[in-house]
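Residue numbers (the numbering used here): 37 to 202. Backbone N, C-alpha and C fix where the C-beta goes; we use that ideal spot for every residue, glycine too. Small disclaimer: the values here were computed from a predicted structure and weren't measured. Read the structure below first, then the notes.
Given below as structure tokens:
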């Protein structure tokens, strides 16, 4: 008797219902990578019309990599197919553009003046994550508004006679 392990998932996204079934095939051939998986994908639109249908057989060891490759490829294709999509509209105007010395100086000045990450991001057309990531590069402490990062121990000057760093 063969035991086949199966997993089924159904997910609704908008008006589309996606179904994924993964079944372990019995008696995998070691020359072909051992245990094999049969992956079936289907999708139906709001009226039940087929939107996607197919299957692929893959070695169990390659399933995770296949999932990553498919995910990245489909994400890339979706971005090409809809360049004006929601993500593109929500992206700050200057996100991804190089930082200039002038922008770095403005970032430092605003942070030390006590402005919030959200306010600086809005003014500079950047994402809050981009601002937080850039703050240490201009010497500012991203965890304490209005403060510089302390000098690392290797850069501190010793106080004469104390034996400790200042």
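Quick one: what does DSSP say residue i is sitting in, helix, strand or coil?
i           : result
residue 180 : coil
residue 59  : strand
residue 116 : helix
residue 202 : With a pLDDT of 46 at residue 202, under the threshold of 50, the predicted position of this residue should be treated as unreliable, though the coordinate-derived value follows. Coil.
residue 166 : helix
residue 73  : strand
residue 191 : helix
Can you tell me which of the options puts its alpha carbon nearest to the alpha carbon of residue i?
i           : options              : result
residue 174 : 72, 133, 109 and 143 : 143
residue 62  : 155, 164, 95 and 165 : 95
residue 51  : 116, 84, 41 and 92   : 84
Return the first residue and the last residue of the alpha helix (DSSP H) that residue i is part of.
i          : result
residue 82 : Here residue 82 belongs to no alpha helix (DSSP H), and DSSP marks it neither H nor E.
With a threshold of 8 Å on Cβ separation, who are the neighbours of residue i within its own chain once the five nearest residues in sequence on each side are excluded?
i           : result
residue 182 : 147, 148, 149 and 150
residue 185 : 172, 175, 176 and 177
residue 86  : 78, 79 and 80
I'd like to check one pair, residue j with residue i: are the Cβ atoms closer than 8 Å?
i           : j           : result
residue 130 : residue 161 : yes
Starting from the C-beta of residue i, find all residues in its chain whose C-beta is less than 7 Å away, skip the five residues before and the five after it, and write them out in chain order.
i          : result
residue 88 : 77, 78 and 79
Below 6 Å CB to CB, which residues in the same chain sit around residue i once its five sequence neighbours on both sides are set aside?
i           : result
residue 43  : 58
residue 102 : 94
Determine the extent of the beta strand (DSSP E) in which residue i is found, giving its start and end residues.
i           : result
residue 153 : Looking at the DSSP string, residue 153 is not in any beta strand (DSSP E); the run it does join, the alpha helix (DSSP H), is 153-160.
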